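**Q** With full-length UniProt numbering applied, the sequence shown corresponds to residues 1 to 466, in that order. Idealized CB from N, CA, C, for every residue including glycine. All values derive from a computational prediction rather than experimental measurement. One structure coming up, written as structure tokens, with questions to follow.
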Amino acid sequence: MFNKDTYISRRERLHAMMPEKGLILIPGNMEAEYNYPHNTYHFRQDSTFVYLFGLDLPNMFGVIDLDEGKDYIFGNDVDIEDIIWMGPQIPLKEKALEFGVNHTAPIKDLYSMIKEAVQKDRQIHILPTYRGRTEIMLGELLEVHPQKLTPFISTSLRDCMIKLREKKDALEIEEIERACAIGYEMHTTAMQLAQPGVSEQYIAGVIEGIALSKGKGISFATILSQHGETLHNHDHSGILTTGKLMLVDAGAEANSYYASDNTRTIPVGGKFTSKQKDIYNIVLAANEKANSMFAPGITNLDCHLAAAKVIAEGLKSVGIMKGNIDDAVANGAHAMFFPHGLGHMMGLDVHDMEGYGQVYVGYDDKIRPVDQFGTENLRLGKKLEEGFVITNEPGVYFIPALIEKWKKEGINHDFINFDILEKEYLDFGGIRLEDDLLITKTGADILGERIPITVEEVEAEVAKGA
């Protein structure tokens, strides 16, 4: 974690930004049961709590008193039974001082504080929740049903936290680059293991082991499959077969929880076929087009649409699409092959701050989500700013059910050659290429060492494992 001045500064900035007074209540995460109470999932702290208070321990609550200018951490110190199982522990008061918090108390005192605040009609600010047990405890604290917390969800707090977290400072970039270094090792290892007869499960297990050995673990559930046309394919039951493409979308969390998120698509055995190479280079061209556009002041929506146009032009060059390309993209014809967004913000969360509400993170009053198949899935559309960390992940996928649906319903027949698709591409799979980037004063820099991405680089990396 960072030094205490970092956390003090973050809380002070939040205090200064908030337009209202009252109490800010930030719950940390609790342990989550795996299959019975004493067997829990690997603990993952809440990102807002760790951003503001730093403590990477379960069952903690942070409070910022906007009226008195005081910060609190509430949590229970261990008793002798805990010590038997966990060993001696540093008292909470000492731990809190490491993050610049001078006021600590047991959880029972939090109930008293909140009850008194409610009685005095003080405003209490919370953020949207995502775990049931947290909702239950907040309901108990605020004396409302857990499903009736909405009046306490503060738009001011949400907006201030987005402003605080969306631009990464030098310390945060350093941590993201640590995660990217782990991601580099994960992806190059997957490339070297992409040999005929190897199981997808084995490769997924090996690269997730790398993430655990170098940091907190994976930043999201690993996508690794020869069926890359299924966008979030978490089934690792296949055995690698020569001629197939293995799509690997995987990332790591550094010990600070900052994330990486990369995708590469790999020819099993190390050689792309001519057809695979054609489609691969279309996706790579879209990736590079977006890279060349990223800069402060440009909207990510424009970058997405530019990448979509490159994809449509490329697919027209190989006979899959037809007609006027501008009209095709305007009508969303490209989305049959590129049905997701170009990318998203990344930081402490792999989809950074998505728990606050994606529309508030990725859009603003001027740039609103587009209600069109494919583009509606773009998580980040607003103007880019220096300090944003984003992903760039165009793709081309051949989804048999979607092809069948559009052909049957006559959707975009003027722009798609369905006969060619059905004859040559139904078993192709999918290709996605994803990098992590920092928006700079004049453009964008790829974070970490770039994972092999050209046809030649990927083939050479696979050859190392042959």
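What does a CB cutoff of less than 6 Å around Tyr425 pick up in its chain, not counting 5 residues either side in sequence?
**A** Taking the sequence shown and counting its residues from 1, one reaches residue 425 at position 425. Within the same chain, Tyr425 has close Cβ partners Phe398.
**Q** In whole angstroms, give me the CA-to-CA distance for Ser225 and Leu193.
**A** Residue 225 sits at position 225 when you count from the first residue of the sequence shown. Residue 193 sits at position 193 when you count from the first residue of the sequence shown. Each residue's Cα considered, the two are about 13 Å apart.
**Q** Give the secondary structure of Asn262 by DSSP, where H, G and I count as helix, E and B as strand, and everything else as coil.
**A** If you number the sequence shown from 1, residue 262 lands on position 262. The answer is strand: DSSP assigns Asn262 an E or B state.
**Q** To which residues does DSSP link Ala170 through a beta bridge?
**A** The residue labelled residue 170 in the question sits at position 170 within the sequence shown. In DSSP, Ala170 forms no bridge with anything.
**Q** By a C-beta neighbour count over all protein chains shown, 10 Å radius and 16 as the cutoff for buried, is Gly197 buried or exposed?
**A** Residue 197 sits at position 197 when you count from the first residue of the sequence shown. It is exposed - the Cβ of Gly197 has fewer than 16 other Cβ atoms within 10 Å.
**Q** Measuring only the C-alpha atoms, how far is Ala308 from Leu284?
**A** Sequence index remark: in the sequence shown, residue 308 carries index 308 (1-based). Sequence index remark: in the sequence shown, residue 284 carries index 284 (1-based). Cα to Cα, the separation comes out at about 12 Å.
**Q** Specify whether the region 354-361 and the region 178-192 touch according to this definition: at least 3 beta carbon pairs, one from each stretch, less than 8 Å apart.
**A** no
**Q** With H, G and I counted as helix, E and B as strand and the rest as coil, what does DSSP make of Thr454?
**A** In the sequence shown, counting from the first residue as 1, residue 454 sits at position 454. Correct three-state label for Thr454: coil.
**Q** Taking 6 Å as the limit between beta carbons, can you name the residues of its chain near Leu191, skipping five residues before and five after?
**A** For the purposes of this step, residue 191 is identified with residue 191 of the sequence shown, where counting begins at 1. Looking at the sequence itself, residue 191 is Met, so the reference to Leu does not match. Contacts found: Ile266, Glu461, Val462.
**Q** Let me confirm a value: His340 is counted as buried when at least 16 other C-beta atoms fall within 10 Å, else exposed. Which label applies?
**A** Along the sequence shown, read from residue 1 onward, the residue named residue 340 stands at position 340. When all chains shown are included, His340 counts as buried.
**Q** In chain order, which continuous runs of the beta strand (DSSP E) of length 3 or greater are located wholly inside the region 4-48?
**A** 23-27, 33-36
**Q** For the alpha helix (DSSP H) holding Met246, just list the boundary residues, first then last.
**A** Translated into the one-based positions of the sequence shown, residue 246 becomes position 246. Unbroken run through Met246 is the beta strand (DSSP E), 245-250; no alpha helix (DSSP H).
**Q** Decide if the region 312-319 is in contact with the region 374-389; the criterion is three or more beta carbon pairs, one per stretch, under 8 Å apart.
**A** no
**Q** Write down the C-beta distance between Ile218 and Ala252 rounded to the nearest angstrom, noting that I regard them as a contact closer than 8 Å.
**A** As a first step, residue 218 must be located in the sequence shown, where it is residue number 218. As a first step, residue 252 must be located in the sequence shown, where it is residue number 252. That belief holds up - the Cβ atoms of Ile218 and Ala252 are roughly 6 Å apart, short of 8 Å.
**Q** Which class does Phe61 belong to by DSSP, given the choice of helix, strand or coil?
**A** For this step, residue 61 is matched to residue 61 along the sequence shown. Note: Phe61 maps to strand in three-state DSSP.
**Q** Taking Cβ to Cβ, would you say Asn255 is nearer than 7 Å to Gly209?
**A** Sequence index remark: in the sequence shown, residue 255 carries index 255 (1-based). Sequence index remark: in the sequence shown, residue 209 carries index 209 (1-based). No, Cβ-Cβ distance for Asn255 and Gly209 is not below 7 Å.
**Q** Confirm, please, whether the CB-CB distance from Thr263 to Glu140 is below 7 Å.
**A** Along the sequence shown, read from residue 1 onward, the residue named residue 140 stands at position 140. Along the sequence shown, read from residue 1 onward, the residue named residue 263 stands at position 263. Going by C-beta atoms, Glu140 is not nearer than 7 Å to Thr263.
**Q** Could you say which of Leu378, Met321, Ile114, Ala333 lies nearest to Met345 if we only look at CA atoms?
**A** Position 345 of the sequence shown, counted from the first residue, corresponds to residue 345. Nearest option by C-alpha distance: Leu378.
**Q** Which of the three DSSP states is assigned to residue 469 in this structure?
**A** With the chain represented from 1 up to 466, any question about residue 469 goes unanswered, as that position is not in the structure.
**Q** Can you give the Cα-Cα distance for Pro106 and Asp65, rounded to whole angstroms?
**A** Start at 1 with the first residue of the sequence shown, and residue 106 comes out as number 106. Start at 1 with the first residue of the sequence shown, and residue 65 comes out as number 65. C-alpha separation (whole angstroms): 17 Å.
**Q** So, for Gly238: in the same chain, excluding its five sequence neighbours on each side, which residues have a beta-carbon less than 6 Å away from its beta-carbon?
**A** Numbered from 1 along the sequence shown, position 238 holds the residue referred to as residue 238. Closer than 6 Å at the Cβ level, and outside the excluded window around Gly238, lie Glu200, Gln226.
**Q** What are the boundary residues of the beta strand (DSSP E) that includes Val396?
**A** Working through the sequence shown from its first residue, we reach residue 396 at position 396. Per DSSP, Val396 belongs to the beta strand (DSSP E) from 395-397.
**Q** Does the region 21-31 come close enough to the region 53-71 to have 3 or more Cβ pairs within less than 8 Å?
**A** yes
**Q** I'd like to confirm something about Ser9: is its beta-carbon nearer than 6 Å to some heavy atom of the ligand ATP, or not?
**A** The ligand ATP is absent from the structure shown, which contains no ligand whatsoever.
**Q** According to DSSP, simplified to helix, strand and coil, what is Phe337?
**A** Counted from its first residue, the sequence shown places residue 337 at position 337. Here Phe337 sits in coil by DSSP.
**Q** Would you call the CB atoms of Lys4 and Glu94 closer than 7 Å?
**A** As a working mapping, residue 4 is identified with position 4 in the sequence shown. As a working mapping, residue 94 is identified with position 94 in the sequence shown. Going by C-beta atoms, Lys4 is not nearer than 7 Å to Glu94.
**Q** Would you tell me roughly how many angstroms separate the C-alpha atoms of Asn324 and Gly429, rounded to the nearest one?
**A** Indexing the sequence shown from 1 puts residue 324 at position 324. Indexing the sequence shown from 1 puts residue 429 at position 429. Approximately 26 Å, taken between the alpha carbons.
**Q** If you pair each beta-carbon of the region 399-410 with each one of the region 444-451, do three or more pairs fall below 8 Å?
**A** no
**Q** Once the 5 residues before and after Thr440 are set aside, which same chain residues still bring their CB inside 7 Å of it?
**A** Looking up residue 440 in the sequence shown gives position 440. Result list for Thr440: Glu386, in chain order.
**Q** Which of helix, strand or coil does DSSP assign to Ile311?
**A** Counting from one through the sequence shown, the residue named residue 311 turns up at place 311. Helix.
**Q** On the CB-based measure, 16 or more other CB atoms within 10 Å of its CB, does Ser154 come out buried or exposed?
**A** If you number the sequence shown from 1, residue 154 lands on position 154. Looking at its Cβ environment, which holds 16 or more other Cβ atoms inside 10 Å, Ser154 is buried.
**Q** Tell me whether the region 447-458 and the region 230-249 touch, counting them as touching only if at least three CB pairs, one residue from each stretch, are closer than 8 Å.
**A** no
**Q** How many Å lie between Asp352 and Val396 at the Cα?
**A** Taking the first residue of the sequence shown as position 1, residue 352 is located at position 352. Taking the first residue of the sequence shown as position 1, residue 396 is located at position 396. In a straight line, the C-alpha of Asp352 is about 24 Å away from that of Val396.
**Q** Using CA coordinates, which residue listed in Gly355, Lys277, Gly100, His187 is at the minimum distance from Tyr7?
**A** Reading the sequence shown from its first residue, position 7 is the one you call residue 7. If we check each option's Cα against that of Tyr7, Gly100 comes out closest.
**Q** Who are His125's beta bridge partners in DSSP?
**A** Here the question's residue 125 lines up with position 125 in the sequence shown. Partner(s): Ile24.
**Q** Can you check the region 345-425 for any beta strand (DSSP E) of at least 3 residues that lies completely inside it and give the ranges in chain order?
**A** 389-392, 395-397
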